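Chemist: So the sequence shown is residues 9 to 307, counted in this note's numbering. Even for Gly, the Cβ is constructed at its ideal location relative to N, Cα and C. Just so we're clear, the structure is a prediction, and the values are computed from it rather than from any experiment. If you scroll down you'll find the structure; I have some questions about it.
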Amino acid sequence: MASQPPVTDVPTAEDRRAEPTPPPRKRLFGASGSQQPRASLGQIIRELDWPILLLVGIGVGIVWVMLLLQGGAIQILAGLLPVTGGIMVGRRVKRHVNWHAALLGLLMALAAVVTVGILIFIEQQQTQAAGISPILLQAMLFAIVTLLPFPAFGVITASRSEQRQRAMREEQAQRGGRLERPGRVRSLDDLRALSLPQLGGYVSDLFRRHDFLVKDYRFEKDRIDIQMSYQNEPWLVRVYTLEKVKPGAAQELAQRMRAEGVTKGVVVTSMDFQEGAARSVKDKPVVLLDGPTLLSMDD
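Structural data, given as structure tokens:
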């Protein structure tokens, strides 16, 4: 009887379908998986702010050498000039900050070295000397060491500060304003003297001290809506500085709460409510806080 070949486990079509698909291999080189392709070198060079780079880089490099050669206390200006030039550029650029920083340092150093070289040539022509003045040689070496990092530091620092300021302005524009910290509120007169942004800041701080978490706020005409949470429950606090808040304010807040899925609401004013305001909140999850009540919470 002829021997049969050993039986091996041959995967069927169903077994192959059940096997997990291996994850795609990451490429060390080539196209990345990001949706936004990285800008090419030519595109980066075209998008650089060359006018401000050349103006500040060459101008500061030349002036820096002239100030350094003057000696005395005026050399302090020479020490501040590279960083100041970097700050000027950093406040203007919005993209490719690192490229602007590196090129500005190179342009300043190159302009300073060329200026020193021209001064050396002029000195040699006037004195008919073959050597280089120690002061000019020191200025050339100092330019290479100093004018490379400090302008870049100024560009990056100013750019980050400008980005933060820009983000704050955009956030303030979306919210319609900004809350302000009031001074010390000791009496009801102090409370009623607060402006709407100050009262909003006062209410936010007061509720924080009562374990509320302030999430966001928005200015709308004559009021501020502050989104808060207390023990993971959403609250909506509406702040007024009107002389007399109408009863309809509670109804408007209740409608806003239903639209946003908020379960608790508060209408706050530093003044008083009109008659009938208390009756308007009997069947609503809304609390009214007038000036005296608000001040009593601050004890």
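Taking the Cβ atom as the reference point for each residue, do A267 and V294 lie within a distance shorter than 8 Å?
Modeler: The answer is no: Cβ separation not under 8 Å.
Chemist: Helix, strand or coil: how does DSSP classify S42 here?
Modeler: Low confidence applies to S42: its pLDDT is 39, below 50, so where it sits in the model is not reliable enough to give any reading.
Chemist: Please determine if the stretch 88-97 and the stretch 186-195 are in contact, where contact requires at least 3 C-beta pairs separated by less than 8 Å.
Modeler: Counting Cβ pairs under 8 Å, fewer than three are found: no touch.
Chemist: Going by DSSP, what residue range makes up the beta strand (DSSP E) through Q235?
Modeler: Where Q235 is concerned, the enclosing beta strand (DSSP E) stretches over 231-238.
Chemist: Is L296 helix, strand or coil when you go by DSSP?
Modeler: Looking at L296 - three-state DSSP - the assignment turns out to be strand.
Chemist: Cα separation between T301 and T277?
Modeler: When rounded, the distance between both Cα atoms is 10 Å.
Chemist: Have a look at V245 and L296 and give me their C-alpha separation to the nearest angstrom.
Modeler: Their backbone Cα atoms lie some 10 Å apart in a straight line.
Chemist: Where do the ends of the alpha helix (DSSP H) carrying V68 lie?
Modeler: Taken as a continuous stretch (DSSP letters only), the alpha helix (DSSP H) holding V68 covers 58-78.
Chemist: Does P90 pass the burial test, meaning 16 or more other C-beta atoms within 10 Å, or should it be called exposed?
Modeler: Classification for P90: buried.
Chemist: Please report the residue range of the beta strand (DSSP E) in which R246 lies.
Modeler: It spans 241-248 - the beta strand (DSSP E) in which R246 sits, taken as one unbroken run.
Chemist: Using C-beta distances below 6 Å, list every residue in its chain close to W243, excluding the 5 sequence neighbours before and after it, in chain order.
Modeler: Only M236, K272 meet the Cβ criterion.
Chemist: For F129 and I60, what's the separation of their Cα atoms in angstroms?
Modeler: Each residue's alpha carbon lies about 29 Å from the other.
Chemist: So, helix, strand or coil for T165, using DSSP?
Modeler: Looking at T165 - three-state DSSP - the assignment turns out to be helix.
Chemist: May I ask you to report which of helix, strand or coil DSSP gives R226?
Modeler: If DSSP states are grouped into helix, strand and coil, R226 belongs with the strands.
Chemist: Please tell me whether L112 and V71 are closer than 8 Å, where the distance is taken between their beta carbons.
Modeler: No. Outside cutoff.
Chemist: Once you ignore the five residues that flank A120 on each side, which residues in its own chain have a CB closer than 7 Å to its CB?
Modeler: These residues qualify, in order along the chain: G69, W72, V73, A151, L155.
Chemist: Label S167 either buried or exposed according to how many other C-beta atoms from any shown protein chain fall within 10 Å of its C-beta, with 16 as the threshold for buried.
Modeler: So S167 counts as buried.
Chemist: Report the rounded CA-to-CA distance for L114 versus V275, giving the unit in angstroms.
Modeler: For L114 and V275, the distance between alpha carbons rounds to 60 Å.
Chemist: Taking the alpha carbon of I1 as the point to measure from, which residue in R183, S288, V122 has its own alpha carbon closest?
Modeler: Missing from the structure shown is residue 1; the chain here goes from 9 to 307 and no further.
Chemist: Which residues share a DSSP beta bridge with D280?
Modeler: For D280, which the question treats as bridged, DSSP gives the partners K252.
Chemist: Can you have a look at G80 and say buried or exposed, based on whether 16 or more other CB atoms are within 10 angstroms of its CB?
Modeler: With fewer than 16 other Cβ atoms within 10 Å, it is exposed.
Chemist: Rounded to whole angstroms, what is the Cα-Cα separation between L308 and L88?
Modeler: Since the first residue of the chain shown is 9 and the last is 307, residue 308 is not available in this structure.
Chemist: Which partner residues does V275 have in the DSSP bridge list?
Modeler: Answer is R246, L296.
Chemist: Look at Y248 and R226 and say whether their C-beta atoms are less than 8 Å apart.
Modeler: No. Outside cutoff.
Chemist: How far does the alpha helix (DSSP H) with Q108 in it extend, from its first residue to its last?
Modeler: According to the sequence as given, residue 108 is His; it is not Gln. From DSSP, the alpha helix (DSSP H) with H108 extends over 105-135.
Chemist: Return yes when at least one heavy atom of the ligand GTP lies under 7 Å from the C-beta of L156, else no.
Modeler: Within the structure as shown, the ligand GTP is missing, as the structure has no ligands at all.
Chemist: Who are the Cβ neighbours of Q180 in its own chain at under 8 Å, not counting the five residues just before and after it?
Modeler: Counting only Cβ-Cβ distances below 8 Å, and skipping sequence neighbours, we find R186.
Chemist: How close, in whole Å, do the beta carbons of D280 and G299 come, if the pair is a contact with beta carbons under 8 Å?
Modeler: With 8 Å as the limit, D280 and G299 qualify as a contact, their Cβ atoms being about 7 Å apart.
Chemist: Please report the residue range of the alpha helix (DSSP H) in which S212 lies.
Modeler: It spans 204-217 - the alpha helix (DSSP H) in which S212 sits, taken as one unbroken run.
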